[in-house]
Structures are given as C-alpha cells and as structure tokens.
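S.K.:
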Amino acid sequence: MELLVRPLRENDIATIIAIDEQTSGRAKPEYWRSKLPHYLLEKDLDPEADSGVLARVAEMDGEVVGFMIGEVRRWEFGQPFCGWITALGVDPNHQQLGIGRRLLAEFLDHYREDGLREVRTIVEWSDGDLLKFFHSMGFIRGPFVELQKSL
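First residue of the sequence shown? That's 3 in the working numbering, and the numbers climb one at a time after it.
#1: Would you tell me roughly how many angstroms separate the C-alpha atoms of Lys-30 and Gly-130, rounded to the nearest one?
#2: Find out if the Cβ-Cβ distance for the pair Ile-18, Trp-34 is shorter than 7 Å.
#3: Among the residues of its own chain, which have a CB less than 7 Å from the CB of Ile-71, if the five just before and after it don't count?
#4: Let me know the secondary structure DSSP gives Ile-21 once reduced to three states.
#5: Grouping DSSP H, G and I as helix and E and B as strand, with all else coil, what is Gly-144?
#6: Can you tell me whether Ala-29 is helix, strand or coil according to DSSP?
#7: Quickly, what does DSSP pair Thr-123 with across the bridge? List them, please.
#8: Considering Glu-12, what are the terminal residues of the alpha helix (DSSP H) in which it resides?
#9: So, using beta-carbon positions, are Leu-105 and Met-139 closer together than 7 Å?
#10: Suppose the cutoff is 6 Å on Cβ atoms and the five residues either side in sequence are ignored; what does the same chain contact list for Glu-108 look like?
#11: Out of Pro-82, Val-74, Arg-103, state which residue places its alpha-carbon closest to the alpha-carbon of Gly-91.
#12: Straight-line CA distance for Leu-10 to Glu-120?
#13: Indicate the three-state DSSP secondary structure (helix, strand or coil) for Gly-130 in the structure shown.
#14: How is Gly-100 classed by DSSP in three states: helix, strand or coil?
#15: Is it true that the CB of Leu-133 sits closer than 7 Å to the CB of Phe-125?
#16: Around the Cβ of Val-66, are there at least 16 other Cβ atoms within 10 angstroms (buried) or fewer (exposed)?
Shown next as structure tokens:
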C-alpha cells in the first residue's frame with residue numbers, strides 16, 4: 003500500500019466530511035462545504051495579504067484516508083507570520099500507519115520553504131490521542147492560554 007500526499011481536490015470534500023464525522027463524532031457538512039472551497043485555490047504565503055492556505059489529502063490505493071488543513075496568519079494575537087494547522091483527520095481504519103506523520107511532514111516542509119519559523123495548532127485537552135501525536139512530532143505548549151466565557 004503506497005501512501006500518496008497531494009493537494010485537495012473538489013471531489014475530496016465528501017470524504018473529508020465523512021472522515022471528520024467519524025473522528026470527531028459530530029456531523030458538520032455545512033461547515034466543510036463552506037470552508038473547503040477556499041482551500042482549493044491554494045495560495046502560498048503572501049506578505050501583502052498576510053495569509054496563505056494549505057490543504058493536503060493522503061491517499062492509499064486511490065482512496066482518501068486522511069487530510070490536513072492549515073493556513074498562514076500574521077499578527078494573530080500580535081505574532082509575526084506563523085503557520086497554523088486547523089484540521090487533521092485520519093480514517094479510523096487507517097490510523098497508526100503513519101498517515102498523520104506524513105501529512106504533518108509535508109506541511110512542515112511547505113511552511114519551512116515559505117520561510118516560516120513556527121507552526122501552531124489548537125487541541126482539546128480531552129483529546130489525548132491528538133495531544134500525544136503532536137507531542138511526538140515535537141510540538142510543545144505555546145505561549146497562549148485560551149479563555150472563554152459562557153453567555
């Protein structure tokens with residue numbers, strides 16, 4: 003089984019919706035259908051626009067089995083250019099095969115080539131597997147603490 007990592011295509015959206023529902027336990031088709039088309043028009047780091055987007059899927063034997071979505075932001079919380087990983091999903095039947103690691107490696111290489119020096123993500127404290135994954139890939143706790151207030 004050969005693993006291929008490639009840019010997002012429009013016909014991948016339904017599979018991403020399904021993988022996300024399987025891994026998160028929540029169906030969010032409207033969210034993904036509105037968000038992902040923006041990532042089809044992949045844009046590299048643009049200092050004038052303060053942004054860039056990146057989306058990759060992982061294929062095994064022609065089947066999409068994972069995805070990673072991210073973007074570059076500047077001055078988010080007063081910080082200089084930084085890569086963000088905003089979503090990661092691997093089909094439960096294909097986990098523990100190195101798919102997440104391969105997707106992340108592609109992202110890190112891309113961000114390095116764009117001249118970025120940091121990459122961030124946000125993970126729920128209760129998601130021990132995802133925290134463990136990012137820790138194993140060298141991520142450490144960042145400088146921010148999330149605050150929220152119920153209304």
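Glycine included, C-beta positions come from ideal geometry on N, C-alpha and C.
M.R.: So, from the listed chains and residues:
#1: Within the sequence shown, numbered from 1, the residue matching residue 30 stands at position 28. Within the sequence shown, numbered from 1, the residue matching residue 130 stands at position 128. The straight-line gap from Cα to Cα measures roughly 22 Å.
#2: Here residue 18 refers to the residue found at position 16 of the sequence shown. Here residue 34 refers to the residue found at position 32 of the sequence shown. Against a cut-off of 7 Å, the Cβ pair of Trp-34 and Ile-18 comes out as a contact.
#3: Within the sequence shown, the letter at position 69 stands for residue 71. Excluding sequence neighbours, Ile-71 sits near Tyr-41, Ala-57, Thr-88, Ala-89.
#4: Position 19 of the sequence shown, counted from the first residue, corresponds to residue 21. Note: Ile-21 maps to helix in three-state DSSP.
#5: Your numbering for residue 144 matches position 142 in the sequence shown. If DSSP states are grouped into helix, strand and coil, Gly-144 belongs with coil.
#6: Numbered from 1 along the sequence shown, position 27 holds the residue referred to as residue 29. Here Ala-29 sits in coil by DSSP.
#7: Counting from one through the sequence shown, the residue named residue 123 turns up at place 121. The partner list for Thr-123 (beta bridge, DSSP) reads Ile-87.
#8: Walking along the sequence shown from the start, residue 12 turns up at place 10. Run containing Glu-12: none; DSSP gives neither H nor E here.
#9: Numbered from its first residue, the sequence shown carries residue 105 at position 103. Numbered from its first residue, the sequence shown carries residue 139 at position 137. For Leu-105 and Met-139, no; Cβs fall outside 7 Å.
#10: Residue mapping note: residue 108 aligns to position 106 of the sequence shown, counting from 1. Closer than 6 Å at the Cβ level, and outside the excluded window around Glu-108, lie Val-7, Arg-58.
#11: Sequence index remark: in the sequence shown, residue 91 carries index 89 (1-based). Cα-wise, what sits closest to Gly-91 is Arg-103.
#12: Position 8 of the sequence shown, counting from 1, holds the residue named residue 10. Position 118 of the sequence shown, counting from 1, holds the residue named residue 120. Rounded to the nearest angstrom, the two C-alpha atoms are 23 Å apart.
#13: Within the sequence shown, numbered from 1, the residue matching residue 130 stands at position 128. If DSSP states are grouped into helix, strand and coil, Gly-130 belongs with the helices.
#14: By 1-based counting over the sequence shown, the position of residue 100 is 98. Residue state, collapsed to three classes: coil.
#15: On the sequence shown, position 123 is the one that residue 125 refers to. On the sequence shown, position 131 is the one that residue 133 refers to. Just to set this straight, residue 125 is Val in the shown sequence, not Phe. A contact, by the Cβ cut-off of 7 Å.
#16: Within the sequence shown, residue 66 is the residue found at index 64, counting from 1. Label assigned to Val-66: buried.
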